[in-house]
Every structure is written in C-alpha cells, then in structure tokens.
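Novice: Okay, here's the structure, questions in a sec.
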Amino acid sequence: MSINTAKQFKILAKDSMQSAKFDHAIEILQEALKQNPEDRELFELLGDAYKAIENREGAIISYTDALNLDPGHLGIALKLATASLTGANYIDALKVIHQCVKPERYIEIGVCKGVSFQLADVESIAIGIDPAPQLDLTLLPKKHCVIAQTSDDYFNANRIMDDLQGKCFDLAFLDGMHLFEFALRDFINLEKYAAVDSVICIHDLYPLSAATATRERNTAFWSGDVWKLGLCLQEYRPDLNFSLLPCPPTGLAVVTDLDASSNVLAQHYDEILEKYLDLSFDILMENKAEKLSLVGMDHPLLFSSLLL
Ligand SMILES: C[S@@+](CC[C@H](N)C(=O)[O-])C[C@H]1O[C@@H](n2cnc3c(N)ncnc32)[C@H](O)[C@@H]1O
C-alpha cells in the first residue's frame, strides 16, 4: 500500500507511538514532512516522538518549526517551553523561593488571578499591584492587599513605605506589563526599597519565539520584550547577582546583592532605551541560552534545592 496523504502518515505515526516505537514514528513523520513541509501537526508529532525518546534538541527544533507555521498556537508554545526549559515550573520554583526567603514583606507587580500572589504566607505583609486584578479582593487575608493601579502610578504615589510598614521588602516578584521599559522602571523603582539581603524575581526573561516576544501582543501566549531586561541588568549592573533559572514557560530570574542607593539605571535610562528598545529578537536566533545567561541544571540554586 502506498501512503500519500498527511492524514495516513499521521495515523501510522500515532499507531507507532502508541506501541512505543518512537524511532519508527520519527521515520514515518520525516518521510511525511518531505511531502507536506507546511503541515504543523506533523512537526508537532515529530516533536512529541523526539521528546518521548528524550531527544531534547530534536523536540525543540520540531516544536519551533511547528510554532513558526502557527505562531499563535498555545499548546505548541507550552510544549516548546517545557522542552526548552527543564527546571520546575515558575510557580513551583517561586514556592520554594518563598520557603527559603520566608519574606515578612512581599511585593508583586502583576497579580492577575493571584496564582503567584497567593504563595505569600497569610501572616506576611503582601502588596500586589495590578491595574486589572482578576481575583476577589474581599477574600484576601488581613495582611494582604492588592492595589488596582499601574505600577508607575503606584510608585509615583509614594505610599510604598507606608504599605511596607516602614521596612524594606524581603522578596518581590516582577510580572507586570510585558514591555522592556515598564519592566526596567519597575526594577528601578523596586530596588530603592530593597535591603542588602532582599531578592527580586523576574518572570519572562527567556522568550520562546519571535512571535511571542513582539512588543505588540499578537498571540495568546505572549511575554513581550521583557527579555531585554536581563541583558540590560548584566550590562549596566554587573554588581548584581543575576541568575536566570530554566523554569518553564519563560524562565525565572533571581536577582540578589541589590543596592537601594544605586542610581546607575535611572541615570542611564534614556541611553538604555535607545540601545535596547529596537533590539531585534533575531540576535537570539543563535546561542539563545548563552546570550541570555540561562543557568544549567547544575546551578547551585537548582542543585541544592527542590527546584529540580
Ligand atoms: C502575566 S499576568 C501576572 C500573573 C501572575 N503574576 C501569576 O503568575 O499568577 C500580568 C499582569 O500584569 C498586569 N499589568 C499590566 N500592566 C501593568 C502595569 N503597568 N502595572 C502593573 N501591572 C500591570 C496585567 O493586568 C496582568 O494581570
């Protein structure tokens, strides 16, 4: 019997995968792709087959090809994320960071439904800032509050020290507007209220693909151009201790050795924007992990904790 439709190839490949004959499935799918190089599902299945035999590189290439054919496909974006980043999911990683830091004062920019915000201990002071929070504010523990404002408006209102009851924050999570200049301002504004041992975690510094890293949102899965903040911090603030952990879907940076008195970023703000705003995702096409300083799974933060 000659096989000549993509549908037939897919049925055969799925049958092989169900019988755990992944190498055979890969052969079928590679053959199918010669005839149907624009078929997104064939690439996705090929990625699944590579993933099943723990061929990460093959899975990443195949899911990337699939995503390039359908840049807005959420399911493939998530598959690419877990193939590319092998650490714990960012929420599980944050949970461990809360357990290690035990923050008495926690601040989060970008709360949304409160998944990460609710990791804060009920007995701690927790301040969330989000112009459009999507959680029931009447159900928050006594010491938690979510302020429905943009982070710029919040910092301009000069109320943070009152909200923190006169002390620096211990842990902050930066996950607000996914645009470089907003994230940069959030970092500058937050660091002023950091103690020497405070920690700032930053989400989304490891973008998945060009389509999900644009400045205008075109896809369901979107991390914007916040990734530039990692490059900027390492260039302008080598004094910071910066680690980008491989936590899916888009990385989790942990920044320590903060310096509330530093005004380097604020002083160079215009110069930084000029340098980074137009930086193209193309620069990440090769050696993305190295360029963004993604740490390996042997990094002490991962090795010695539960973040694996
Ligand atoms: C990805 S969601 C946050 C998810 C949340 N941290 C979590 O992990 O569960 C991003 C949030 O940032 C908020 N946001 C957008 N612009 C903002 C701004 N200028 N300041 C603060 N938050 C902003 C959005 O309303 C949205 O709820």
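Here the sequence shown stands for residues 0 to 307, where the numbers follow numbering that gives the first Met the number 0.
Backbone N, C-alpha and C define an ideal beta-carbon position, used for all residues, glycine too.
Please report the straight-line C-alpha distance between Y275 and I27, rounded to a whole angstrom.
Specialist: Taking the sequence shown and counting its residues from 1, the one referred to as residue 275 is at position 276. Taking the sequence shown and counting its residues from 1, the one referred to as residue 27 is at position 28. Cα to Cα, Y275 sits roughly 44 Å from I27.
Novice: Determine whether the beta carbon atoms of L228 and L183 lie at a separation below 7 Å.
Specialist: Position 229 of the sequence shown, counted from the first residue, corresponds to residue 228. Position 184 of the sequence shown, counted from the first residue, corresponds to residue 183. In contact: L228 and L183 (Cβ atoms closer than 7 Å).
Novice: On the criterion of 16 or more Cβ atoms from any shown chain inside 10 Å, does M16 qualify as buried, or is it exposed?
Specialist: Looking up residue 16 in the sequence shown gives position 17. Classification for M16: buried.
Novice: Between which two residues does the alpha helix (DSSP H) harbouring V95 extend?
Specialist: Stepping through the sequence shown from its first residue, residue 95 is reached at position 96. Counting along the chain, the alpha helix (DSSP H) containing V95 begins and ends at Y89 to V100.
Novice: Taking just the CA atoms, how far does A51 sit from A119?
Specialist: Counted from its first residue, the sequence shown places residue 119 at position 120. Counted from its first residue, the sequence shown places residue 51 at position 52. Straight-line Cα distance between these residues: approximately 36 Å.
Novice: Straight-line CA distance for G74 to K20?
Specialist: Here residue 74 refers to the residue found at position 75 of the sequence shown. Here residue 20 refers to the residue found at position 21 of the sequence shown. Rounded to whole angstroms, G74 to K20 spans 24 Å at the Cα level.
Novice: Thinking just about the alpha-carbon of each residue, which of L173, L163 and D169 is nearest to the one in D151?
Specialist: Position 152 of the sequence shown holds residue 151. D151 has its Cα closest to that of L173, out of L173, L163 and D169.
Novice: Going along the chain, which residues of its own chain have a beta-carbon closer than 7 Å to the beta-carbon of G130, five neighbours each way excluded?
Specialist: Residue 130 sits at position 131 when you count from the first residue of the sequence shown. Correcting the residue identity first, residue 130 is Pro in this sequence and not Gly. Excluding residues within five positions, the ones whose Cβ falls inside 7 Å are A147, Q148 and T149.
Novice: Thinking C-beta only, is V121 closer than 7 Å to L170?
Specialist: Indexing the sequence shown from 1 puts residue 170 at position 171. Indexing the sequence shown from 1 puts residue 121 at position 122. Result no, Cβ atoms of L170 and V121 do not sit closer than 7 Å.
Novice: Between the region 243 to 253 and the region 199 to 207, can you find at least three pairs of beta-carbon atoms closer than 8 Å?
Specialist: The region 199 to 207 vs the region 243 to 253: in contact.
Novice: Would the C-beta of D174 count as close to ligand 1, meaning under 6 Å from any of its heavy atoms?
Specialist: Along the sequence shown, one-based indexing puts residue 174 at 175. Yes, since a heavy atom of ligand 1 falls inside the 6 Å radius drawn around the Cβ of D174.
Novice: Reducing DSSP to helix, strand and coil, say where R39 ends up.
Specialist: Within the sequence shown, the letter at position 40 stands for residue 39. Helix, per DSSP.
Novice: Contact check, L293 vs L243 under 8 Å by CB: the rounded distance?
Specialist: The sequence position of residue 293 within the sequence shown is 294, counting from 1. The sequence position of residue 243 within the sequence shown is 244, counting from 1. About 5 Å separates the two Cβ atoms, so the contact holds.
Novice: Got a sec? Which residues, its chain only, sit under 6 Å from S304 by beta carbon, not counting five neighbours each side?
Specialist: Looking up residue 304 in the sequence shown gives position 305. Per-residue confidence for S304 stands at a pLDDT of 49, beneath the threshold of 50, marking its modelled position as unreliable; the derived number appears in the next sentence. These residues qualify, in order along the chain: V95.
Novice: If you reduce the DSSP assignment to three classes, tell me which class S260 lands in.
Specialist: What you label residue 260 is simply residue 261 of the sequence shown in a count that begins at 1. In the structure shown, S260 sits in coil (DSSP, three-state: anything other than H, G, I, E or B).
Novice: In or out: A102 buried (at least 16 other Cβ within 10 Å) or exposed?
Specialist: Within the sequence shown, residue 102 is the residue found at index 103, counting from 1. Reading off the sequence shown, one finds Pro at residue 102, where the question assumed Ala. Flag for P102 reads buried.
Novice: Beta carbon of A31, beta carbon of A5: below 7 Å?
Specialist: The count along the sequence shown starts at 1 and reaches residue 31 at position 32. The count along the sequence shown starts at 1 and reaches residue 5 at position 6. Yes.
Novice: Under the criterion of a Cβ to heavy atom distance below 6 Å, does S197 qualify as lining ligand 1?
Specialist: For the purposes of this step, residue 197 is taken as the residue at position 198 of the sequence shown. No, since every heavy atom of ligand 1 falls outside the 6 Å radius drawn around the Cβ of S197.
Novice: Leaving out the 5 sequence neighbours to the left and right, which residues in its chain are closer than 6 Å to N240 when beta-carbon positions are compared?
Specialist: Within the sequence shown, numbered from 1, the residue matching residue 240 stands at position 241. Counting only Cβ-Cβ distances below 6 Å, and skipping sequence neighbours, we find T255 and D256.
Novice: For L307, which residues from the same chain have a beta carbon less than 8 Å from its beta carbon, with the 5 sequence-adjacent residues on both sides left out?
Specialist: As a working note, residue 307 is residue 308 in the sequence shown. Because L307 carries a pLDDT of 38, less than 50, the predicted location of this residue cannot be relied on, and no value is offered for it.
Novice: Please find out if some non-hydrogen atom of ligand 1 comes closer than 6 Å to the beta-carbon of C111.
Specialist: The residue you call residue 111 lines up with position 112 of the sequence shown. Yes; taking the cut-off as 6 Å, the Cβ of C111 has a heavy atom of ligand 1 nearer than that.
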